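Peer 1:
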Amino acid sequence: MRGKILLTSFQPWLEHHTSNASDDLLCQLKARRLAFADFLFLHHLPVETAIASAKTIQAIAAYQPDLVLCCGMAEKRDRLTIESQAFYQGQQLQTRLDLQALTTPLEFTEISDDAGKFVCEGLYFQVLKHLQWQQSQARALFLHVPLLTAANRPLILRDVETMLHWLLHNVLAFPIDP
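Just so you know, we're using our numbering here: the sequence shown kicks off at 18 and counts up by one.
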């Protein structure tokens, strides 16, 4: 049995954006034809919390993933950042993942406690809330992606692949074939 991973990305939202770094990352991962898990890529979520959340929750219900990795662009950040928590109307929800252990083998990734107060945080909160409400064993994580460049692309791809392997093996207890 292989792990199932749902990855999401957003569409561009500012006029000067020709793409969204989160979607660029998903396209790069898809092109690598990763074979260590079953992947579902949910590209170009609208930059509106209610619609993005509804589409993601529909995909969770249909696909029943073991891991939901929501990705968003963080244009001003220079590294990958894993979000520890999300807030909405005074409520706080945290990922159930051990982020310190997760980031130990990663060289280009940091932990963030600020998911951005925009659609990224809204989506993350709604996904965490849904999984909690469903009493799901699935785990969720939000990853902010900096603009991809020729210099950082290999580092980002290596960290994301390492992260996915680590999560499947150490948290979700799926064997990983070499």
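We put the CB at the ideal spot given by N, CA and C, even for glycine.
On a predicted model such as this, the values are computed, not experimentally measured, just so you know.
(1) Since Gly107 is in the alpha helix (DSSP H), which residue starts that stretch and which ends it?
(2) Phe104: which of Asp95, Lys93, Cys137 sits nearest, CA to CA?
(3) Out of Leu62, His186, Ile74, which has the shortest C-alpha to C-alpha gap to Leu148?
(4) Quick check: the Cα distance between Ala168 and Gln109, rounded to an integer number of angstroms?
(5) Using the three-state DSSP reduction, which class does Ala157 fall into: helix, strand or coil?
(6) Using only CA atoms, which one of Thr112, Leu164, Leu57, Leu172 lies nearest to Pro82?
(7) I'd like to confirm the pairing. Which residues does DSSP put opposite Lys21 in its beta bridges?
(8) For the region 41-53 against the region 169-188, are there 3 or more C-beta pairs whose distance is under 8 Å?
(9) Beta-carbon within less than 8 Å of Pro195's beta-carbon, same chain only, minus the 5 sequence neighbours each way: which residues are those?
(10) Tell me which same chain residues have a C-beta within less than 7 Å of the C-beta of Pro122, skipping the five on either side of it?
(11) If you scan the region 67-135 from start to end, which runs of the alpha helix (DSSP H) of 4 or more residues do you find wholly inside it?
(12) How long is the line joining the alpha carbons of Ile68 and Gln28, rounded to whole angstroms?
(13) Under three-state DSSP, which class holds Val162?
(14) Sort Pro171, Leu59, Ala155, Glu92 by Cα distance to Asn37 and report the nearest one.
Peer 2: Checking against the coordinates, here is how it stands:
(1) Where Gly107 is concerned, there is no enclosing alpha helix (DSSP H), given that its DSSP letter is neither H nor E.
(2) Looking at the Cα atoms, Cys137 is the closest of the given residues.
(3) Of the listed residues, the one whose Cα sits closest to Leu148 is Ile74.
(4) Cα to Cα, the separation comes out at about 35 Å.
(5) Strand at Ala157.
(6) Pro82 has its Cα closest to that of Leu57, out of Thr112, Leu164, Leu57, Leu172.
(7) Answer is Asp55, bridged to Lys21.
(8) Contact between the region 41-53 and the region 169-188 is present, with at least three C-beta pairs closer than 8 Å.
(9) For Pro195, the predicted model reports a pLDDT of 42, less than 50, meaning its position is unreliable; a value from the coordinates is still stated below. Hits under 8 Å: none found.
(10) Here the set comprises Thr179, Trp183.
(11) Here the runs fully enclosed are 116-120.
(12) If you draw a straight line from the Cα of Ile68 to the Cα of Gln28, it is about 12 Å long.
(13) It is a strand residue.
(14) For Asn37, the closest alpha carbon among the candidates Pro171, Leu59, Ala155, Glu92 is that of Glu92.
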